[in-house]
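Q: Note that this note's numbering has the sequence shown beginning at 373, numbered continuously upward.
Glycine included, C-beta positions come from ideal geometry on N, C-alpha and C.
Just dropping this structure here.
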Amino acid sequence: MHWLHDIKDVLPVKGEPETRDPDGIDTVVLHCTAMPGWNVWETARYHTGPNHISDAGCPTIAYAYFIEPDGLMYRCLPRGIRSWHVGPWNNRSIGVCMAYDACEEPPPREQLTAAAELCARLVSDLGLTPDRVLGHRELEGTGYVIENGECVQRKECPGRAVDMDEFRDRVAAILERSDGSDVRDA
Ligand SMILES: [Zn+2]
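Here it is in structure tokens:
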């Protein structure tokens, strides 16, 4: 059982967050913080303050969902808010971030299990299929770019140790179970 805590109304925002049509969401993107020890509050403070994405700070935390190493999960944004996490894909995607520093070791088992459970629930809620769960590094225009016909990888997110094909298989297996995803609203 993985508990999903709703903290979207208490996280810091900067100015007026951008809105979007939630019906246009067709992609779930898996991320990692790539910062050792950062929790959801530190991540939100970093994103809404001056940062590597924007000198003025982003309107909101970049990620719609955040997962701690022990599998504890947070809902950080409503579906109708367009956050800045994957450039050209921001309108059509929601980001799920693991607090994981992207080292050579894979994320803790409990965290990866929670991520798969949450992605399965999102795929189900949004009427998508598991192939619409992508790692940040798999998105053209942000994870990689095509330059002169060559693929140039720009991101490793959610970490090289996370095998996205295997992850999608896990999401599919959860969706095929009769009792579905094990995520409960806290
Ligand atoms: Zn990322």
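In angstroms, rounded to a whole number, what distance separates the CA positions of Phe539 and Trp410?
A: 23 Å
Q: Using only the heavy atoms of ligand 1, determine whether one of them is closer than 7 Å to the beta carbon of His508.
A: yes
Q: Can you tell me whether Arg542 is buried or exposed? The criterion is at least 16 other CB atoms within 10 Å of its CB, across all chains shown.
A: By the neighbour-count rule (16 or more Cβ atoms within 10 Å), Arg542 is buried.
Q: Is the Cβ-Cβ distance between Leu383 and Ala416 less than 8 Å?
A: yes
Q: Is Trp413 helix, strand or coil when you go by DSSP?
A: helix
Q: Using three-state DSSP, classify Cys491 as helix, strand or coil.
A: helix
Q: Here's a check: name, in chain order, each residue in its chain whose Cβ is nearer than 6 Å to the Cβ of Pro460, leaving out the five neighbours to either side.
A: Gly513
Q: CA-CA distance, Leu511 and Thr399?
A: 10 Å
Q: Kindly examine ligand 1 and report whether one of its heavy atoms sits closer than 7 Å to the Cβ of Tyr529.
A: Strictly speaking, residue 529 in this sequence is Cys, with Tyr absent from that position. Checking the Cβ of Cys529 against ligand 1 gives yes.
Q: Return the first residue and the last residue of the alpha helix (DSSP H) that Asp537 is part of.
A: 536-548
Q: For a test of the three-state rule: what should DSSP assign to Ser465, helix, strand or coil?
A: Strand at Ser465.
Q: For Ser465, does the count of other Cβ atoms within 10 angstroms reach 16, so buried, or fall short, so exposed?
A: buried
Q: Could you tell me whether any non-hydrogen atom of ligand 1 is closer than 7 Å to the CB of His343?
A: Since the first residue of the chain shown is 373 and the last is 558, residue 343 is not available in this structure.
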